[in-house]
Each structure stands twice: as C-alpha cells, then as structure tokens.
Amino acid sequence: MVFKAIDRVKQKSSLKNIIPVKGRGQIRKVLRDFELHRPKIGLEMDSLPVNLFLRYQQIFSEFEWVDRMDI
1 MVFKAIDRVK QKSSLKNIIP VKGRGQIRKV LRDFELHRPK IGLEMDSLPV
51 NLFLRYQQIF SEFEWVDRMD I
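Numbering (my numbering), first residue to last: 1 to 71.
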C-alpha cells in the first residue's frame, strides 16, 4: 500500500501488488479485502519512517510487522 507517488513506488519496488490508499483509515479495509489470514505483514522498512512503523504497529496490533525481506 502506498499513499503518494504510486508510479515512483512501482518503479523502485520489487513488490508486485502495490495498492494506492488515500489514508490510514483504508489500511484495515484493504487487509480485509485481501482476506489476509496470515498474521504477518511485510513492509519496505528501509523507506518507512520509524514513527509511522510504530504507529501502524500500535494500531494494527493483531499483525506482526516485519521487513518484507523476512517473509
């Protein structure tokens, strides 16, 4: 999921399925829509600010947040 510059993210990321979202409120809906049954979500942690990572970790505490390279 990405908030801004989706074209740039698609060019730079090795991830195949990149979904634009308009705000944090959409994240839970996207996770539900994809019927994620795995409690682990991978992020490109080298490009995510720590404050956002910590916020997501707190808001979505039912998931384990890991660097995508660890999945």
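Built from N, CA and C at the ideal position, the CB exists for glycine as well.
In the DSSP assignment, find the unbroken beta strand (DSSP E) run with G96 in it and report its ends.
-> Since the first and last residues shown for the chain are 1 and 71, residue 96 lies out of range.
Excluding the 5 residues preceding and the 5 following V9 in the sequence, name in chain order all residues of the same chain whose CB lies nearer than 7 Å to its CB.
-> Closer than 7 Å at the Cβ level, and outside the excluded window around V9, lie V2 and I18.
Whole-angstrom Cβ separation of F63 and K40, contact assumed at under 8 Å?
-> The C-beta distance from F63 to K40 rounds to 7 Å, short enough to fall under 8 Å.
Spatial distance of W65 from Q58 (CA atoms) = Going by C-alpha positions, W65 is about 10 Å away from Q58.
Short Cβ contact (8 Å threshold) for L43 with D7 = No.
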